[in-house]
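Visitor: Numbering (full-length UniProt numbering), first residue to last: 1 to 434.
Ideal Cβ placement from N, Cα and C applies to all residues, glycine included.
Just so you know, these numbers come straight off a predicted model, no measurement behind them.
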Amino acid sequence: VDSSALGGMYAGAIRLVGTEAGVGVRLAGNLAASGGDIQIDANGHLSMTQTAASGAVTARANSAEVNGPVYAGSSLTMSTAGDLTTRQNVAARDALSLSAGGQLNNSAVIEAGVNADNSRNGSGDVTLSANGLTNSGSITASRALQATITQTLNNQGATLNGQSSTRIVATTVDNRQSGRILSQGGTVDINASQVLNSQSGLISSNGAMTIAAGSLDNSQQGKLSSSSALSARISGPLLNQLGLISANGDLLLNAASVDNRNAEISSLGSLTSTVSQFDNREKGRLLANGALQLTSDHLNNQNGSVAGQQGVQLNLGQLTNTATGSVYGKNSLNLAVSGALNNDQGTLRSDSTLEVRAASLSNNTGSITSASTASVSTSGAVVNRGGQILSDSTLTLTSASLDNSQSGRIASNGLTLTTGTFDNHQDGRLTSTG
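Structure below.
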């Protein structure tokens, strides 16, 4: 069916049906329904140009392409057994649904919540479903946006935005190269085997954000940002090198491993994280304005920073805090390390109470300080050569052996020391003023 010779079709309502298998519909001219709906059924390929209805637009075909602007004064529904391609703008006042059994490709603007006078309303929902989605344009819903993609959702350099909510389910979400997944007024929810948000990708929500994925790459200026709470549950690796993960509310982060080198993970609320291997080296920053709790087999904080403005609780198998590494708890600092704690040239500091428990402690030229009561306890050795362990209040130190040589300093207003072998030569000092 070819309408090009007609120049256009104008009526109160329009219905085109091609029932024979393989018969396509080519709409080369304008298609306008001024008083009702437009309905198109094609058993072959559908090619649409400029189409507008005061009511609904419904199109079904084996495959389809949109080569001219399409507008529906109420709802718009397009479904194909195969591929669906939109090269020109597609808009609806109310709900907009695109469904493709094959690939859904968009290089234009798809938008729900557009009134006939081109003003915007708050009741436009976008629903997308396809085997794969490639978006190089913009897809916007004035209310909710939902995309259910069997394979890959490719949003590189493009925009997906649901004003009140954006929900994505896919095998792979590729938001690299300045892609944007947004909810400017609400929540973002992503469930995928793989999320790629590196190279200046942005995933941002004004409300809560939830990401559940097998792996997440947020490196190379990638940004995950929530103006409320953020929850990221990653069953595999999380790469955040040179990236930013931030929440204005509480932040929950679980992963098999985290690479946070020269990057930041921060929360204006509390931060709770369970990670098997946490790499926070090379000016990595793990920060919370509230309480911070990390459980990890190994935290490598060499030249990194971990800080909480409330209490900081680290439950670790091993802690490497060397080469100007810093762990700071304003209200309290509690370290429970089942293995070795290496604080050589590092800093452990609390503006209130401090408690350190470890199998062994190396604090060579390192600093462990507390403005209130402090307790340092190891089942093995404490080596404090040239280091300092200080408390402005009482200090209790318990170890199997203590090496405080080479200008090591241990001081408090009340010192209780229990140890075995004790080496205090070469200007080692123990001071108790209590």
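Can you grab the Cα-Cα spacing for the pair GLY386 / ALA291, in whole Å?
Guide: Translated into the one-based positions of the sequence shown, residue 386 becomes position 386. Translated into the one-based positions of the sequence shown, residue 291 becomes position 291. Each residue's alpha carbon lies about 32 Å from the other.
Visitor: Is ASN118 buried or exposed, if buried means 16 or more other CB atoms sit within 10 Å of its CB?
Guide: Within the sequence shown, the letter at position 118 stands for residue 118. ASN118 is exposed by the Cβ-count criterion.
Visitor: So what does DSSP say about THR418, is it helix, strand or coil?
Guide: Walking along the sequence shown from the start, residue 418 turns up at place 418. Reduced to three states, the DSSP call for THR418 is strand.
Visitor: Can you find the residues in the same chain that come closer than 6 Å, C-beta to C-beta, to ASN106, ignoring five residues on each side of it along the sequence?
Guide: Position 106 of the sequence shown, counting from 1, holds the residue named residue 106. Within the same chain, ASN106 has close Cβ partners THR86, ASN135, GLY137.
Visitor: Enumerate in chain order the residues of its own chain whose CB-to-CB distance from GLY22 is below 7 Å, with the five nearest sequence positions on each side excluded.
Guide: As a working mapping, residue 22 is identified with position 22 in the sequence shown. In this prediction, GLY22 scores a pLDDT of 47, lower than 50, which makes its location untrustworthy; the coordinate-derived value is nonetheless stated afterwards. Same-chain partners within the cutoff: ASN43, GLY44.
Visitor: Work out the CA separation of THR127 and SER34 for me, nearest whole Å.
Guide: Counting from 1 along the sequence shown, the entry for residue 34 is found at position 34. Counting from 1 along the sequence shown, the entry for residue 127 is found at position 127. Taking the straight line from one Cα to the other gives about 26 Å.
Visitor: Roughly how many angstroms separate the alpha carbons of GLN277 and PRO237, rounded to a whole number?
Guide: Position 277 of the sequence shown, counted from the start, is the residue given in the question as residue 277. Position 237 of the sequence shown, counted from the start, is the residue given in the question as residue 237. Answer to the nearest angstrom: the Cα atoms are 9 Å apart.
Visitor: Does the ligand ZN have even one heavy atom less than 7 Å from the beta-carbon of SER412?
Guide: The ligand ZN is not among the ligands present in this structure, which contains no ligands whatsoever.
Visitor: Between the alpha carbons of GLY420 and ILE410, how many angstroms are there, rounded?
Guide: The residue you call residue 420 lines up with position 420 of the sequence shown. The residue you call residue 410 lines up with position 410 of the sequence shown. For GLY420 and ILE410, the distance between alpha carbons rounds to 16 Å.
Visitor: Taking LEU360 and GLY380 to be in contact with their CB atoms under 8 Å, please state how far apart those CB atoms are, rounded to whole angstroms.
Guide: To locate residue 360, count along the sequence shown from 1; it is residue 360. To locate residue 380, count along the sequence shown from 1; it is residue 380. Note that residue 360 is Ser in the sequence shown, not Leu. About 4 Å; that satisfies the 8 Å criterion.
Visitor: Applying the 10 Å Cβ sphere with the 16-neighbour rule, what's the burial state of ARG15?
Guide: Stepping through the sequence shown from its first residue, residue 15 is reached at position 15. Result: exposed.
Visitor: On the CB-based measure, 16 or more other CB atoms within 10 Å of its CB, does ASN321 come out buried or exposed?
Guide: Translated into the one-based positions of the sequence shown, residue 321 becomes position 321. That one is buried.
Visitor: Enumerate in chain order the residues of its own chain whose CB-to-CB distance from ILE211 is below 6 Å, with the five nearest sequence positions on each side excluded.
Guide: As a working note, residue 211 is residue 211 in the sequence shown. Counting only Cβ-Cβ distances below 6 Å, and skipping sequence neighbours, we find ILE190, ALA232.
Visitor: Pick out the complete beta strand (DSSP E) segments inside the stretch 254-288, 3 residues or longer, and give them in chain order.
Guide: DSSP runs (the beta strand (DSSP E)) wholly in the stretch 254-288: 264-267, 271-279, 285-288.
Visitor: To the nearest angstrom, how far is the alpha carbon of ALA53 from that of ASN161?
Guide: In the sequence shown, the residue the question calls residue 53 occupies position 53. In the sequence shown, the residue the question calls residue 161 occupies position 161. Taking the straight line joining both Cα atoms gives about 25 Å.
Visitor: Applying the 10 Å Cβ sphere with the 16-neighbour rule, what's the burial state of LEU415?
Guide: Taking the sequence shown and counting its residues from 1, the one referred to as residue 415 is at position 415. Buried.
Visitor: Pick helix, strand or coil for PRO237, following the three-state DSSP scheme.
Guide: Walking along the sequence shown from the start, residue 237 turns up at place 237. Residue state, collapsed to three classes: strand.
Visitor: What residues in its chain sit with their C-beta under 6 Å from that of ARG176, if we drop five residues either side in the sequence?
Guide: For the purposes of this step, residue 176 is identified with residue 176 of the sequence shown, where counting begins at 1. Around ARG176: GLN156, LEU196, SER198, GLN199, GLY201.
Visitor: Relative to the alpha-carbon of LEU182, which residue among THR152, THR150, GLN146 has its alpha-carbon at the smallest distance?
Guide: By one-based count along the sequence shown, residue 182 stands at place 182. It is GLN146 whose Cα lies nearest to the Cα of LEU182.
Visitor: What are the boundary residues of the beta strand (DSSP E) that includes GLY408?
Guide: Locating residue 408 in the sequence shown gives position 408, where the first residue counts as 1. Neither: GLY408 is in no beta strand (DSSP E) and is coded neither H nor E.
Visitor: Out of curiosity, what's the CA-to-CA distance linking GLY186 and SER412?
Guide: Along the sequence shown, one-based indexing puts residue 186 at 186. Along the sequence shown, one-based indexing puts residue 412 at 412. GLY186 and SER412: Cα-Cα distance of roughly 51 Å.
Visitor: Where do the ends of the beta strand (DSSP E) carrying HIS45 lie?
Guide: Here residue 45 refers to the residue found at position 45 when the sequence shown is read from its first residue. That run of the beta strand (DSSP E) goes 45-48.
Visitor: Under a Cβ-count criterion, where at least 16 other Cβ atoms within 10 Å of its own Cβ denotes burial, should SER123 be classed as buried or exposed?
Guide: Within the sequence shown, numbered from 1, the residue matching residue 123 stands at position 123. Its Cβ having fewer than 16 others within 10 Å, SER123 is exposed.
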